[in-house]
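**Student:** Residue numbers (my numbering): 38 to 527. Quick one: the structure is below, and I'll ask about it shortly.
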Ligand code: NAD
């Protein structure tokens, strides 16, 4: 048993089990080192060691996940979003004034709020809600809990939500929010107080017909229920039951919709199926790899299995695994539920980040964080199709490399729109006091996402552009129409 140092006044638990070993190994070690050496050299690149909960090393050249995430963050997501907007504007000669509106966010809220920890001390936290545009309907977008959340990221994601709702033709605008925390460092009770206090700080900047949050990275149905309950507790009693739809992605018991939990992954798979149908590609026996095995990644993986496709490699924040004979996504999802990550899954070998990206497969589903496909990793990819489950998983360099290498990509704002589509169904059911069946939800979702797919595909052919630019053109076209009809007040 290895003892861990005392840090920040906290006694860290000894690393005894192999799972804990591996977790540390993947977060802070480099593959190829002997186990005895892993603990000696902690990440000396990372100046976020307080997040890692580990001391900064005196020697060694290892890089931890936080370092990797920081490198990934170097490329500004918002700059990438604006560059795409500019490219679409030039391609189709969109109205410059309308593009000026689209390049800015409407409202940006940054809140600093105190939360009482279990041991009685108070922590100040920072949360964001950015509302990009509501020309098509109420602001709509997820809330994420992540240490790397910042205003640039939330701005970009809010803007992308506007494009997404426009492409799929649903009556919502775009927003996004988040709290800059590592949820793993908090107890469930603390997370509840964080979610509730953040909701209180947002006040009437959210609302069922104004701005409707939903789950995103590290948030889930339970957190949505806390937000809903806090919001409903702060308004007049006679209005409470008209506000169930202040959030979507809620538990079914709290007014959620069947099919919402799997909706984003389901949408990704509907897009892949449509792509395969168009190309005459047989998904039965096809191989796929998935980055991120949370809500989007695990559902996409499980639904791909129903096409007879074979999952052969997975990477999440704890590490990467591979088994060329196939990994059962349902079994892996159960394992992740019990163990917190894919690392140490007994029916696959552990591989490193680069080997994961080099794995030969037919389809790659990135379903983790932004900028995962970049200058380094895009060169490694050995796949035919990238189906973007995550938001912004491909940066500008990565995108150019994919195009040069002839790797097709179904862009995020189309491919992962299943979540917001079924959120729209949930919102409608709440407003009308209705409960729809899963078959009805799936059929409506398929119809909407497939026709959006066809609009993007046809725009790519018509304007002779890549799919990412085509998706942007489809979105801008719809927004330009609305502004042209309504004019600019006053
Ligand atoms: P989640 O928190 O459920 O899962 C995130 C997954 O990513 C986890 O498996 C985590 O281990 C993994 N991950 C995190 N950092 C990583 C790293 N550095 N390397 C490898 N893996 C890493 O989140 P989610 O809801 O599944 O969201 C995933 C992506 O999909 C995000 O980009 C999100 O914005 C996007 N998205 C989510 C929804 C939704 O309905 N939840 C809708 C549209 C888009």
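We put the beta carbon where it would ideally sit given N, CA and C, even for glycine.
For residue 397, which three-state DSSP category applies?
**Tutor:** strand
**Student:** Using DSSP bridges, identify the partner residues of residue 359.
**Tutor:** 350, 386
**Student:** In chain order, which beta strand (DSSP E) runs of at least 3 residues are fully inside the region 161-195?
**Tutor:** 176-182
**Student:** Over what stretch of residues does the alpha helix (DSSP H) that includes residue 248 continue unbroken?
**Tutor:** From DSSP, residue 248 is part of no alpha helix (DSSP H) but of the beta strand (DSSP E) over 248-252.
**Student:** Is the region 172-181 touching the region 193-212, taking contact as three or more C-beta pairs under 8 Å?
**Tutor:** With a cut-off of 8 Å, the region 193-212 and the region 172-181 count as touching, because enough Cβ pairs lie within range.
**Student:** Using a Cβ-Cβ cut-off of 6 Å (strictly less than) and excluding sequence neighbours within five positions of residue 164, which residues of its own chain qualify?
**Tutor:** These residues qualify, in order along the chain: 148, 216, 235.
**Student:** For the candidate residues 184, 425, 143, whose alpha-carbon lies nearest to that of residue 248?
**Tutor:** Residue 248 has its Cα closest to that of 143, out of 184, 425, 143.
**Student:** Measure the CB-CB distance between residue 324 and residue 349 and report whether it falls below 7 Å.
**Tutor:** The beta carbons of residue 324 and residue 349 sit closer together than 7 Å.
**Student:** Does the Cβ of residue 371 have 16 or more other Cβ atoms within 10 Å, making it buried, or fewer, making it exposed?
**Tutor:** exposed
**Student:** To the nearest angstrom, how far is the alpha carbon of residue 338 from that of residue 132?
**Tutor:** 41 Å
**Student:** Is the Cβ-Cβ distance between residue 295 and residue 265 less than 7 Å?
**Tutor:** no
**Student:** By a C-beta neighbour count over all protein chains shown, 10 Å radius and 16 as the cutoff for buried, is residue 488 buried or exposed?
**Tutor:** exposed
**Student:** Per DSSP, what are the beta-bridge partners of residue 150 in this structure?
**Tutor:** 162
**Student:** Report the residue from 140, 256, 300 whose alpha carbon sits nearest the alpha carbon of residue 463.
**Tutor:** 300
**Student:** If you follow the beta strand (DSSP E) that residue 327 is part of, which residue opens it and which one closes it?
**Tutor:** 324-328
**Student:** For the beta strand (DSSP E) containing residue 418, list its first residue and its last residue.
**Tutor:** Looking at the DSSP string, residue 418 is not in any beta strand (DSSP E), and its letter there is neither H nor E.
**Student:** What residues in its chain sit with their C-beta under 8 Å from that of residue 54, if we drop five residues either side in the sequence?
**Tutor:** Annotation note: pLDDT 32 at residue 54 (below 50); position unreliable, coordinate value reported separately. Hits under 8 Å: none found.
**Student:** Say yes only if the C-beta of residue 199 is nearer than 6 Å to one or more non-hydrogen atoms of the ligand NAD, and no if none qualify.
**Tutor:** No - the ligand NAD has no heavy atom lying nearer than 6 Å to the Cβ of residue 199.
**Student:** Quick one: complete beta strand (DSSP E) runs, 3+ long, within the region 400-461?
**Tutor:** 400-403, 422-424, 445-447
**Student:** Can you determine whether any heavy atom of the ligand NAD sits closer than 6 Å to the C-beta of residue 527, and answer yes or no?
**Tutor:** no
**Student:** Please confirm whether residue 380 and residue 356 have their CB atoms less than 7 Å apart.
**Tutor:** yes
**Student:** Could you have a look at residue 216 and say whether DSSP puts it in helix, strand or coil?
**Tutor:** strand
**Student:** Would the beta-carbon of residue 459 fall within 7 Å of that of residue 475?
**Tutor:** no
**Student:** Starting from residue 304, trace the alpha helix (DSSP H) both ways and give me its first and last residue.
**Tutor:** 300-316
**Student:** Short check: CB of residue 450 to CB of residue 197, under 7 Å?
**Tutor:** yes
**Student:** Do the CB positions of residue 115 and residue 187 come within less than 7 Å of each other?
**Tutor:** no
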